[in-house]
Amino acid sequence: MQVVPSAPTAQSRWKESEPLASSRRVLVVGGGGREHALAWKLRRDGAEVLVAPGNAGTAAIAENIPVAATDIAALVGVARDRGVDLTVVGPEAPLVAGIVDAFAAAGLRVFGPTARAAQLEGSKLFCKQMLHRGDVPTAMFQEFRSVAAAREFLAAREDMPIVVKADGLAAGKGVFVCDDRAAALAAVEALGSDPQFAGAAKGILIEERLDGAEVSVMAITDGRTIVTLPPLQDHKAAYDGDQGPNTGGMGAYCPTPFVDADLLADIEARILVPTVHAMRRAKVPFQGVLYAGLMLTAQGPKVLEFNARFGDPECEALMVLLESSLLDLLDGVADRRLETVEQPVWRPGASVTVVMASEGYPGAVEKGRTIRGLDAAAALPGVEVFHAATKLAVDGSVQSDGGRTLAVTAVGDSLARAKLLAYSGVREIRWPGAWCRKDISDKATAFELAAARAVPAAGDGAGA
Ligand code: AMP
Ligand code: GLY
């Protein structure tokens with residue numbers, strides 16, 4: 001197994017004078033747990049890392065640049081002035097706003113899709129069109145250009161479970177999974193009247209509701225070659241047992257037993273590859289991370305959504321399992337020669353990421369609470385504490401700075417061990433109002449138990 005340097009503590013700051021294993025300088029755009037995990041891995045790959053804007057966690061292993069992830073002109077300036085030779089874009093907003101196009105126009109190397117290709121995430125309608133071109137399985141849907149048309153359609157339909165979606169980006173809030181027509185009608189009205197959907201709800205999609213287990217499968221692609229990553233399961237609902245409002249994701253684990261090697265090959269062949277081909281044929285080639293949110297239905301896997309970036313918290317759970325170089329994969333995409341890069345090597349075992357959130361999330365949250373116990377958690381074997389929304393106070397303490405605040409991640413030889421370690425880390429950390437789900441990865445355990453029961457033990461039924 002590869003020997004990795006020990007993690008620096010949250011208090012140790014990156015210093016200009018620190019010796020570096022390589023002269024590669026990489027800029028990570030974003031400031032959440034995904035970006036901390038990417039920066040952490042790229043440091044292990046020997047790169048010097050800048051993060052814009054970063055957080056208190058990235059400040060410990062990289063240089064934070066106080067520029068917003070959406071300030072594209074300023075980021076181009078940073079990359080040019082600081083001699084950055086590869087930029088990796090974490091969040092969707094700058095991708096959809098054209099950061100990759102701007103970097104390319106400035107002659108700068110960058111990992112991520114163009115604005116047009118990022119429409120796969122930015123417009124649910126564009127996504128459906130590409131799925132149709134690629135003959136990729138997804139939920140049946142109808143598109144409406146006005147609230148009145150959507151209302152009329154629902155009124156004429158039988159009362160059934162339905163999903164209502166705003167076409168554009170709505171920070172994960174533009175999707176309403178409805179049990180009946182009354183709830184669907186209320187969702188349509190909300191999209192029409194709530195100012196937070198003003199931009200996103202120019203189009204409204206009404207979809208059949210799919211049933212099954214939800215999984216995340218990501219692939220890295222340069223538009224021609226794809227490298228499929230191990231499957232994960234996110235936990236989107238806020239509370240244990242998948243109760244409560246939808247969130248950006250309260251925890252993830254990897255790999256998920258819901259997707260075995262055969263199913264992963266099927267997902268690659270019937271979903272990922274046809275989508276990449278459809279994009280290329282439509283002259284919108286996709287480079288970067290193609291993230292498929294899938295429902296494993298009785299009829300097989302179907303696409304719920306595509307994202308044009310690493311999932312968060314999925315990225316955190318993936319990075320701790322990646323033994324080979326992330327930088328090589330990203331370089332392969334930036335230079336359109338992914339076929340020349342060795343297949344990634346994954347650590348055996350499993351990982352679990354538990355998101356620790358601040359009071360009020362997914363609604364309005366209290367910020368500025370001092371977080372204690374970070375060093376004790378990080379000192380546990382196999383545990384990495386990725387910061388999702390933190391800032392350094394002037395006295396050097398780490399403070400909460402948003403809803404999803406930390407992504408406590410652990411690796412273990414088994415999923416059970418990884419879970420135990422992740423929650424051991426969580427137990428060390430405290431701030432007023434901190435909370436988390438207690439059941440991250442339990443669905444996998446239940447699934448494995450059910451599978452074991454379904455297979456008769458050797459010798460069962462024989463003899464007599
Ligand atoms: P999306 O942003 O499209 O992924 O939707 C957010 C969440 O809503 C998904 O993670 C699913 O849990 C749920 N969802 C979306 N579309 C459907 C569907 N057609 N059937 C059931 N659940 C859905
Ligand atoms: N965890 C889901 C997402 O990143 O969209």
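Numbering (my numbering), first residue to last: 1 to 464.
The C-beta atom is built at its ideal place from N, Cα and C for all residues, glycine as well.
Remark: the shortest separation between the CB of K173 and any heavy atom of ligand 1 does not fall under 7 Å. For V26, same chain residues with a beta-carbon under 6 Å away, outside a window of 5 residues either side, are L42, A47, V49, L86 in chain order. Collapsing the DSSP output to three states places G363 in coil. Rounded to whole angstroms, the gap between the alpha carbons of T390 and V84 is 25 Å.
Pairing R430 with A39, the inter-Cα distance amounts to about 24 Å.
Under the DSSP assignment, C178 falls in the beta strand (DSSP E) whose first and last residues are 175-178.
One alpha carbon belongs to V320, the other to P91, and they sit about 20 Å apart. Shown here, C436 sits in coil according to DSSP, grouped into three states, outside any helix or strand. Here A334 carries a helix assignment [DSSP, helix/strand/coil]. Here H132 is exposed. Its C-beta has fewer than 16 other C-beta atoms within 10 Å. Non-local beta-carbon contacts of R347 in its own chain, meaning distances under 6 Å to residues more than five positions away in sequence, involve L321, E323 in chain order. When C-beta atoms of the region 326-343 are compared with those of the region 160-171, fewer than three pairs fall below 8 Å, so the two segments do not count as touching. No heavy atom of ligand 1 is found nearer than 7 Å to the CB of A308. Per DSSP, P113 is not a residue of any beta strand (DSSP E), being assigned neither H nor E. Distance check between T297 and each of A446, D211, Q233 places D211 closest, using alpha-carbon atoms only. No residue range can be given for K202, since it is assigned to no alpha helix (DSSP H) and is classified by DSSP as neither H nor E.
K438 counts as exposed, since fewer than 16 other beta carbons sit within 10 angstroms of its beta carbon.
Boundaries around P274 are those of the alpha helix (DSSP H), 273-281, since no beta strand (DSSP E) includes it.
The alpha-carbon separation between E316 and A238 amounts to approximately 18 Å. In the assembly as shown, L449 is an exposed residue. Its beta-carbon has fewer than 16 other beta-carbons within 10 Å.
By the CB criterion at 8 Å, I206 and Q142 fall inside the cutoff.
Judged by the Cβ position, E316 fails to qualify as a neighbour of ligand 2 at the 7 Å threshold, every heavy atom of the ligand being at least this far. Listed in chain order, the non-local C-beta contacts of K367 below 6 Å within the same chain comprise S400, D401, local neighbours out to five positions each way being set aside. Rounded to the nearest angstrom, the gap between the Cα atoms of V303 and F144 is 20 Å. Under the criterion of beta carbons closer than 8 Å, V408 and A377 qualify as touching, at roughly 6 Å. Shown here, M250 sits in coil according to DSSP, grouped into three states, outside any helix or strand. Under the DSSP definition of a beta bridge, E158 lacks any partner. Nearest to G33 by C-alpha distance, out of F386, A93, L415, W435, is F386. Burial state of V51 is buried, judged by a 10 Å Cβ sphere holding 16 or more other Cβ atoms. For the region 397-445, the continuous beta strand (DSSP E) assignments of 3+ residues that do not extend past its boundaries occur at 398-400, 404-412, in sequence order. For I61, no beta strand (DSSP E) run applies, since DSSP gives it neither H nor E. Between S414 and A350, the C-beta gap is smaller than 8 Å, which places the two residues in contact.
Nearest neighbour of R82 by Cα position, chosen from G412, E63, F447, turns out to be E63. By the neighbour-count criterion, in which 16 or more other beta carbons inside 10 Å mark a residue as buried, D312 falls on the buried side. Taking all protein chains shown into account, P113 has 16 or more neighbouring C-beta atoms within 10 Å of its C-beta and is therefore buried.
Annotation: the continuous alpha helix (DSSP H) that includes M319 extends over 314-319.
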